[in-house]
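In our numbering, the protein residues as written are 271 to 473.
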């Protein structure tokens, strides 16, 4: 039964996973998976071990449950990634969000904004919202998200605030393949940002 197959895959991913029907494309048709996930989320009699919750249309959460607190809300970045997978679009955290996520800025952005080549939209999730803003995105195909985040963060914090500490923080998030991808992006970014790329790659 497809529901049992879906449950096994969810449990293999552990609690905290945020997912959509496309994450189960190997288990059945899109329509069958959609219906199964919807039934599972709406099942009021499901025991806690098998319970999933609906985050937004087409996106679900295998909740982390804490004694005395209840369900812990899902990580918003993970939710954004699942929404993007469900919509078939690429997204990248905005400059402010990238800087915060990489530890380059302690300032928490007032809005959770992601840039996308898709259409602009906003998803309201309880007290939080995720904004997808259409912009012209021109990374080399298959450029790792973390590489685009580094470039976005640098542009956001500005040339005068990029010091050795910032360079080291950016570098620590990059694997060797990421560094090669970053080098390839040199010709696609503004002059002063490209000047720092060799330093980040070498750090």
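We treat Cβ as the ideally placed atom computed from N, Cα and C, and that holds for glycine. Just so we're clear, the structure is a prediction, and the values are computed from it rather than from any experiment.
I think residue i touches residue j, with their Cβ atoms under 8 angstroms apart; what is that distance to the nearest whole Å?
i: residue 273; j: residue 306; result: 5 angstroms
i: residue 291; j: residue 285; result: That pair is no contact at about 20 angstroms.
i: residue 393; j: residue 400; result: 5 angstroms
Any idea what DSSP makes of residue i, helix, strand or coil?
i: residue 339; result: coil
i: residue 344; result: coil
i: residue 426; result: helix
i: residue 329; result: strand
i: residue 363; result: strand
i: residue 397; result: coil
i: residue 334; result: strand
How is the alpha helix (DSSP H) around residue i delimited, first residue to last?
i: residue 287; result: Where residue 287 is concerned, there is no enclosing alpha helix (DSSP H), given that its DSSP letter is neither H nor E.
i: residue 464; result: 461–472
i: residue 390; result: Unbroken run through residue 390: none, as it is neither H nor E.
Leaving out the 5 sequence neighbours to the left and right, which residues in its chain are closer than 8 angstroms to residue i when beta-carbon positions are compared?
i: residue 341; result: 323, 333, 334 and 335
i: residue 420; result: 368, 372, 440, 443, 444, 452 and 470
Near residue i, which residues of its chain fall below 6 angstroms by C-beta distance, leaving aside the five closest residues on each side in sequence?
i: residue 288; result: 331, 344, 348, 349 and 352
i: residue 327; result: none
i: residue 303; result: 291 and 294
Grab the span of the beta strand (DSSP E) containing residue i for me, first residue to last.
i: residue 324; result: 323–326
i: residue 383; result: 382–386
Would you call residue i buried or exposed, if buried means 16 or more other Cβ atoms sit within 10 Å of its Cβ?
i: residue 447; result: exposed
i: residue 378; result: exposed
i: residue 271; result: exposed
i: residue 468; result: exposed
Any C-beta of chain D sitting closer than 7 angstroms to the C-beta of residue i?
i: residue 472; result: Any reference to chain D falls outside this structure, which holds one protein chain only.
Can you list, in chain order, the residues of its chain with a C-beta nearer than 7 angstroms to that of residue i? Leave out the 5 residues immediately preceding and following it.
i: residue 395; result: 325, 326 and 349
i: residue 359; result: 386, 387 and 388
i: residue 424; result: 432, 463 and 466
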